[in-house]
């Protein structure tokens with residue numbers, strides 16, 4: 005899984021370098037940029053699938069008590085993620101309300 009992460013990171017960096025090289029051209033080759041992006045996405049999808057398969061194989065090897073422990077930890081993580089999401093949503097709504105209040109009436 006670490007290898008997959010490194011491979012994805014390396015692929016992303018290569019794509020960034022290709023895009024930087026394209027920016028130096030007077031006319032962008034959007035077809036080449038799109039093809040490079042599609043190729044990277046396909047590679048990343050394969051690597052993600054390999055990682056998922058490895059995690060699922062590991063999880064399927066656990067006994068019920070271990071699965072309960074993992075499930076509890078994941079549920080706690082999901083709850084924290086939901087709390088952060090709600091907090092961000094509240095901040096965004098507050099920001100929009102402040103922006104609307106400060107806008108001049110027309």
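In the working numbering, the protein residues as written are 5 to 110.
Just so you know, even glycine gets a beta-carbon here, dropped at the ideal spot from N, CA and C.
One alpha carbon belongs to residue 76, the other to residue 62, and they sit about 17 Å apart. In this structure the segment 50-68 touches the segment 8-18; the number of beta carbon pairs closer than 8 Å is three or more.
Relative to residue 17, the option among 56, 41, 64 and 67 whose CA is nearest is 41. Straight through space, the alpha carbons of residue 68 and residue 99 are spaced by roughly 46 Å.
Distance check between residue 19 and each of 86, 30, 46 and 97 places 46 closest, using alpha-carbon atoms only. Going by beta carbons, residue 26 and residue 37 fall inside the 8 Å limit.
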